[in-house]
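To keep things clear, I will list the structure first and then write my remarks on it.
Structure, rendered in structure tokens:
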């Protein structure tokens, strides 16, 4: 089954080691929105921005990969400026990755079963600048069930070969499926600057790597994230009131925040909150990553 997907700024399989055209960079800014202010943030975006005419909203699903020792998660938690994420992405709530059976049989490879278009992605981030490379492939719908995700959706060699085309080579020669993450997303365009804006909420995650943390399924992170993407580090004036409603600038990573939540003890007050956000009302543009707070 061929599915549709939002247009992407970076779809070329080129890299520094390829002969293809160089990737353009975009600057990505993020604002964390407290749960009680999600409605205010959405109202502001509806007043000041235009809804994406083709893909105004929907559910985004991803299976994230890492090294055996979770090197990329460690980099994110440490606040390093150079990071890469490897993931397989698909769209829609029919194939929800947290259900035991989503969209078909739980047996992978059943003759005659339908196929689904998924995207193999490498997202590279260097400070605030990021690039994204992706390749669309077909996968059986049953490979997207929660019980099948630890197999990686596509053959391991295909993922390694695709990332090599993108210029990324894993230590040890393989990537491990770690965690499935989904969220609801509304997409906008800021009309003056043309910046792309999205509001992500209902961020849920399920551990797929055996033996990692408590192995929970469907853990929800509170709050929402506004992502602003454009060619320059600039906050469009129309979006500056986001700070006035209690939103705060952040390097929020859905991947690392979800893993941190799964690693925390059940029932702890700060379990599902991003690091550094414990106040009831953080000040505007008020919190930074844990490493910056420690002066590192």
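In our numbering, the protein residues as written are 16 to 311. Don't be surprised by glycine CBs; every beta carbon is placed ideally from N, CA and C.
Rounded to the nearest angstrom, how far is the Cβ of residue i from that of residue j, given a contact under 8 angstroms?
i	j	result
residue 161	residue 112	6 angstroms
residue 193	residue 80	6 angstroms
residue 268	residue 91	5 angstroms
residue 165	residue 225	7 angstroms
Among residues of its own chain, excluding the 5 on either side of residue i, which ones have a beta-carbon nearer than 8 angstroms to its beta-carbon?
i	result
residue 247	42
residue 219	113, 196, 197, 198, 233, 234, 235 and 236
residue 122	Annotation note: pLDDT 49 at residue 122 (below 50); position unreliable, coordinate value reported separately. Excluding sequence neighbours, residue 122 sits near 157.
residue 229	222, 277 and 281
residue 171	189 and 190
residue 74	106, 107, 108, 111, 197, 198, 199 and 200
Could you pull the start and end residues of the beta strand (DSSP E) that residue i belongs to?
i	result
residue 270	Premise fails: residue 270 lies in the alpha helix (DSSP H), 269-278, not in any beta strand (DSSP E).
residue 137	130-141
residue 202	191-204
residue 146	144-155
residue 168	Neither: residue 168 is in no beta strand (DSSP E) and is coded neither H nor E.
residue 78	72-81
residue 102	97-106
Counting only the same chain and skipping the five closest in sequence on each side, list residues whose C-beta sits under 6 angstroms from that of residue i.
i	result
residue 143	42 and 248
residue 118	The predicted position of residue 118 is uncertain, since its pLDDT is 49 and thus under 50; no value can be drawn from it.
residue 252	none
residue 69	none
residue 216	53, 199 and 239
residue 67	202
residue 77	102, 104 and 196
residue 294	Low confidence applies here, because residue 294 scores a pLDDT of 42, under 50, leaving its location unreliable; read the following figure in that light. Cβ neighbours of residue 294 beyond the five flanking positions: none.
residue 167	192
residue 205	64, 212 and 251
residue 254	none
Can you name, in chain order, every residue of its own chain whose Cβ lies under 7 angstroms from the Cβ of residue i, other than the five neighbours on each side?
i	result
residue 151	132 and 134
residue 56	48, 214, 239, 241, 257, 260 and 262
residue 58	none
residue 116	160
residue 274	88 and 194
residue 140	98
Tell me which residue opens and which closes the alpha helix (DSSP H) that residue i is part of.
i	result
residue 60	53-63
residue 173	171-180
Quickly, what does DSSP pair residue i with across the bridge? List them, please.
i	result
residue 90	Answer is none; residue 90 lacks a bridge partner.
residue 259	Answer is none; residue 259 lacks a bridge partner.
residue 243	44 and 212
residue 228	Residue 228 pairs with nothing; no bridge assigned.
residue 234	220
residue 66	203
Exercise for the section: Check whether the segment 90-110 touches the segment 124-144, taking contact to mean three or more Cβ pairs, one atom from each stretch, closer than 8 angstroms. Expected result: yes
Handout entry: Any 3 or more C-beta pairs closer than 8 angstroms across the segment 209-216 and the segment 224-235
Key = no
Exercise for the section: Please confirm if the segment 181-189 is in contact with the segment 56-67, defined as three or more CB-CB distances below 8 angstroms between the two stretches. Expected result: no
Exercise for the section: Specify whether the segment 170-180 and the segment 42-51 touch according to this definition: at least 3 beta carbon pairs, one from each stretch, less than 8 angstroms apart. Expected result: no
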